[in-house]
Each structure stands twice: as C-alpha cells, then as structure tokens.
Amino acid sequence: MSKQGLPTQHDDFSQWYTDVVRHAQMADYSPVAGCMVIKPYGYALWENMQRQLDTMIKAAGVQNAYFPLFIPQSYILKEAQHVEGFAPELATVTHVGEEKLEDPLVVRPTSETIMYATFKDWIQSYRDLPLKINQWANVVRMEKRTRLFLRTTEFLWQEGHTCHATREEAETEVLRAIRMYEDFARDYMAIPGYVGKKSPSETFAGAEYTLTIECLSRDMKAIQAGTSHHLGQNFAKAFDVQFQSTENTQEFVWQTSWGVSTRLVGALIVIHGDDKGLQMPPRIAPIQVIIVPIARTEEDKALVDAKVSELQTQLEGLRVHVDTRDGMSPGAKFYEWELKGVPLKIEVGPRDIANGVVVLGRRDTGEKEQVSFADVGSKVRSTLDAVHEAMYARALAWRDEYTHTVDTYEEFKKLLEEKGGFFALHWCGDAACEASIKEETKATTRCRPLNFPQEKGTCVYCGKESEGRILFAKAY
Ligand SMILES: [Zn+2]
78 MSKQGLPTQH DDFSQWYTDV VRHAQMADYS PVAGCMVIKP YGYALWENMQ
128 RQLDTMIKAA GVQNAYFPLF IPQSYILKEA QHVEGFAPEL ATVTHVGEEK
178 LEDPLVVRPT SETIMYATFK DWIQSYRDLP LKINQWANVV RMEKRTRLFL
228 RTTEFLWQEG HTCHATREEA ETEVLRAIRM YEDFARDYMA IPGYVGKKSP
278 SETFAGAEYT LTIECLSRDM KAIQAGTSHH LGQNFAKAFD VQFQSTENTQ
328 EFVWQTSWGV STRLVGALIV IHGDDKGLQM PPRIAPIQVI IVPIARTEED
378 KALVDAKVSE LQTQLEGLRV HVDTRDGMSP GAKFYEWELK GVPLKIEVGP
428 RDIANGVVVL GRRDTGEKEQ VSFADVGSKV RSTLDAVHEA MYARALAWRD
478 EYTHTVDTYE EFKKLLEEKG GFFALHWCGD AACEASIKEE TKATTRCRPL
528 NFPQEKGTCV YCGKESEGRI LFAKAY
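This note's numbering puts the first residue of the sequence shown at 78, with every later residue one more than the last.
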C-alpha cells in the first residue's frame, strides 16, 4: 500500500486502477449496471479535452450538429455488416406506455444510420459537398463486463461524419482525422501512439478500412486513442445518399466517420499513472497548480494569505487552486493532490516569505526547488511545459522498451508472457490464422503502422508469405 492508500501497480494493476479512479474522485459506479457517474474532477478533465478537440475539429472546417438519441430499428437493419457488428450490444425501446411500437427504437450505439438518412435530404449536387458534420453526444452499447471509463455501457464521445465526391477525398479525410487525434494525444495528453490500419477482422462494422492510434499502458496492454473509418459507398448505397456530379450524372457519395470517447480518460490514467496515483498532463489538467499555505499561528496566517493572493495574480490565466481546508495537515493535503495528479504544487510558509521565495514541487519527478517570488509566474509556466515534455518522453520510452520485433511464434509467446507489450510480427493476412493466434495467446492484431517499411517475410504462425509486419498485443 502506498501513502495514498493504493496497491502498487505491480501487485494488482486492476485494483490500482479502480482505486485511483474512485479515490481521486474521477468517477464512480452508479445504481445502473455498467453505467458510471462522472464526478466534477473527472468531468473537468473531459471538458478540457473536449474544448481542445472541438477547436481542432472546427479548424478543419467541420461543423457541430445534433441528431436524435433514438434510431428506428429499420434504419439499423439497412447496412448488413453494421447490424451484424452491433446487434449484441443494442438496447431497444419496444413499448411506449402499454403500446407496442411498430418500428422499435434503438438507443444509438453510433449515429451513421440516423445521420445518413438525413444527409440524403441535405445533399443534391456536387455543390453541397464536402459535407462535414461532428456531433458531441452520449451513446449506449450494452456491455457485459465494464470498467470505469475504459468500458461502460453509456459513454460520451464525438463522432465526425463526412461526405465527399470522390474516394480520394474521403481517403484524405480519414487520414486527416487520425493525424488530428495523433496530434491531440501528443501535444495535449503527452501520449505517443502507433498510427496504422486495422486488420479486416478488427475493422469497424460497415467500413472498408479503419485507421487507429494505439498506445501502451503501464501494464503493457494496447489501448486505442481514436479511430477513423473509410466507409466507402456502403452506407451511401444503403441510405441512397446521391449527388449530381459536374458531368450531370447521379453518383453515390464517399463517406468517413471518426471518433474518440471518454475512454481516452481511462487511457490517460493507465498510461501516465504511477504508484502514487494519477498524473495529469499539464495542458488539460483540471488543476495545473495547487497552492498549499502553511501557517500555524493567526499572525502567520495573515502573512501567508496576503502572499497567496499575490501569487494568484502572478499565475492568472492558469488553472490554480488554493487548498485552504482547516483541520488537515499539509502532508495529508500533499498526498491527496499527488493522488489526483496535479502537475505542480507550491508551498508557502512564513520562513519562505521571509526569504522571498516559495517552494515549487513537480508531481512527475518529485523534485522540489526554491523559486524567488518575482520569478514564480515565468518559472511555473516553463515548468508546466517541461512536465509535459517529460511525461511524453517517459511514455515514449516505455512504448519503445515494450515494442518487440520477433520472428518466431515461440519467442512471441514467451516474451508476451514474460514482458508483454507490442509485438511486430509477420502475419500472412489470413483471418483464420489471426483467430488461432488470438485463441492461443489472447493477443490480437492492433494495427499495421503507416510508417512500417514494406518488408516481405513469413507468417510466424503458418509460414505463408507476409507483406509486412503488423502489431499484436493484448488489449483493453
Ligand atoms: Zn498465417
């Protein structure tokens, strides 16, 4: 047990995760099975992520809109692969009061079908293209085994949906969206990922192909931080979304969809957390700087309070919180803010004030230093950037240390058990082979990274020819 009351990650990662989420006041279970309550501290983090992503989405010329929570069941049935993929997870409204519905209503698991039934009326000619719409919403997928943030029956997300005149334009958009998620993960969450293409069996139900960003947790499992799908003309044909081309012919549109969810919060926790608790990346941290005044006498208190007010002025524009709770020792406060992962702390006591300094501490390294009062504003800002860089570097080093390039099935199985992580393997592309590997090792294909070289080899499982390496891992 740590001073924060947590098991170590090494002893019991799963319990560590649940305890961190609950003790840090991020979220908790609710009376509804599989559904969580997101608490203010967790929601503040989500809002910061959402605000930044929303800015990036709008900068790409995408507009926000809102579509109904309910989807007629007949819509879901229109795209065959789509319904097959989602059927086991659908929650359906069959009655209103006593009356049985002719066409039952599905609670949206994703919004392709309801949106495209509408896009059909929005699009007539090539002048209406491209159409780029994003929705921030909740969706419902009935899950049997749930974990706070990582897998819940109801979750929050954004879903982008675009329509284009050509296949190439849609391809460009699919790539743009996944690169946007990669930028967001790197620049705001301090998370590195592999960007690549999913195998057909892991592709979104109804899509031609799926691009993903895959990251590595502290317990050596892959976790997805965004997906982007090329839908081809599959849904356009199912929903009759056509346009008149410049040559006056009637054509089906080419479509994409892409999204990230509150699962990203879970990713952040399993990638950056340590035995003391959470570590919030500074640029999205709900609180960037925690100030703890230390004063024992009334006289000291007046002195310290005055200094804290001056500090707050120096730190204007940052997310700063002053912990003024009475009846709690400074030590207990520090443990709590470490658990909550606040990147920087400032201690202010009478002796520091006499010396014209404050004590600045980093959550990530545990380092403390005295900073002269006049320099606090600039020092805090530059240290927040340094923390971001250090967190990214730590996550990148971890990912690279646990990415293994392996050429035999025996070595793969051995290293998977001993170390875990990503395995760059030659695989023939056969779904049966992929399924056998999954069955025997519980590892699945994560993606074929776009920056991996073309490289012929032989499948580690069956020995047939392979066109290049693909990443396998156990996954969240
Ligand atoms: Zn094979």
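Note that CB positions come from ideal geometry on N, CA and C, so glycine has one too. These numbers come from a predicted model, not from an experiment.
My output table needs one value for residue i: the three-state DSSP class, helix, strand or coil.
i: V114; result: strand
i: N141; result: strand
i: G534; result: strand
i: H306; result: strand
i: K410; result: helix
i: F312; result: helix
i: G540; result: coil
i: E291; result: strand
i: Y553; result: coil
i: P269; result: coil
i: K135; result: helix
i: R228; result: strand
i: V97; result: helix
i: Q86; result: coil
i: G404; result: coil
i: K384; result: helix
i: F320; result: strand
i: V109; result: coil
i: E124; result: helix
i: Q129; result: helix
i: G237; result: strand
Quick one, are the C-beta atoms of residue i and residue j less than 8 Å apart?
i: E413; j: V369; result: no
i: Y479; j: M297; result: yes
i: F90; j: Q201; result: no
i: F411; j: V435; result: no
i: V184; j: F147; result: yes
i: M257; j: M405; result: no
i: D441; j: V464; result: yes
i: I191; j: Y152; result: yes
i: K378; j: I430; result: no
i: A520; j: L493; result: yes
i: N215; j: G237; result: no
i: A467; j: I268; result: no
i: I371; j: K422; result: no
i: R476; j: T460; result: no
i: K197; j: D88; result: no
i: G454; j: Q391; result: yes
i: E279; j: R218; result: no
i: P427; j: V381; result: yes
i: Y553; j: I255; result: no
i: F144; j: S107; result: no
Among residues of its own chain, excluding the 5 on either side of residue i, which ones have a beta-carbon nearer than 7 Å to its beta-carbon?
i: E542; result: C505, K533 and T535
i: V97; result: L83, I346, G350, G354 and L355
i: G270; result: E259, A262, I290, E291, C292 and A302
i: D352; result: S79, L83, T85 and Q86
i: V448; result: V434, V435, L437 and K456
i: H241; result: L206, P207, A247, E250, V330 and W331
Spatial neighbours of residue i within its chain, please: C-beta separation below 8 Å, excluding the five flanking residues on both sides.
i: H100; result: Q81, G82, L83, G354 and L416
i: P526; result: Y271, V272, G273 and L548
i: I361; result: L122, N125, M126, Q129, Y265 and M266
i: W199; result: D205 and L208
i: P530; result: G545
i: T229; result: G111, C112, M113, E220, T223 and T339
i: T169; result: Q150, P181, L182, V183 and V184
i: P363; result: Y118, A121, L122, N125, M357 and R396
i: L252; result: L288 and S305
i: Y538; result: Y486, W504, C505, C510, S513 and I514
i: Q140; result: K209, I210 and N211
Who are the near neighbours of residue i in its chain, counting only those whose CB is closer than 6 Å to its CB and skipping five residues on each side?
i: P149; result: D180
i: V556; result: Missing from the structure shown is residue 556; the chain here goes from 78 to 553 and no further.
i: W213; result: Q235
i: G283; result: E156, Q158, H159 and N311
i: L225; result: V98, A104 and M113
i: K551; result: K298, K519 and A520
i: R523; result: E291, A299, L548 and A550
Would the C-beta of residue i count as close to ligand 2, meaning under 7 Å from any of its heavy atoms?
i: D88; result: Annotation note on ligand 2: not contained in the displayed structure, which lists ligand 1 as its ligands.
Report task. Jot down the residue ranges of each uninterrupted alpha helix (DSSP H) in the stretch 445-520, minimum 4 residues, whole runs only, in chain order. Result -> 453-478, 486-495 and 508-518
Query raised in the report: Counting pairs of Cβ atoms below 8 Å between the stretch 292-310 and the stretch 205-220, do you hit three or more?
Result: no
Query raised in the report: Can you find at least 3 beta carbon pairs, one from the stretch 288-296 and one from the stretch 347-366, that sit closer than 8 Å?
Result: yes
Report task. Counting only runs of 4+ residues fully inside the stretch 151-214, write out the alpha helix (DSSP H) ranges in chain order. Result -> 157-163 and 189-199
Query raised in the report: With a cut-off of 8 Å, do at least 3 Cβ pairs link the stretch 244-264 to the stretch 333-342?
Result: yes
Requested in this report: Determine contact between the stretch 153-162 and the stretch 310-330, defined as no fewer than three beta-carbon pairs at a distance below 8 Å.
Outcome: yes
**Report entry** Contiguous beta strand (DSSP E) assignments of at least 3 residues, all confined to the stretch 322-380
**Finding:** 327-329, 331-338 and 366-370
**Report entry** Touch test, the stretch 385-403 against the stretch 157-176, Cβ-Cβ under 8 Å, three pairs minimum
**Finding:** no
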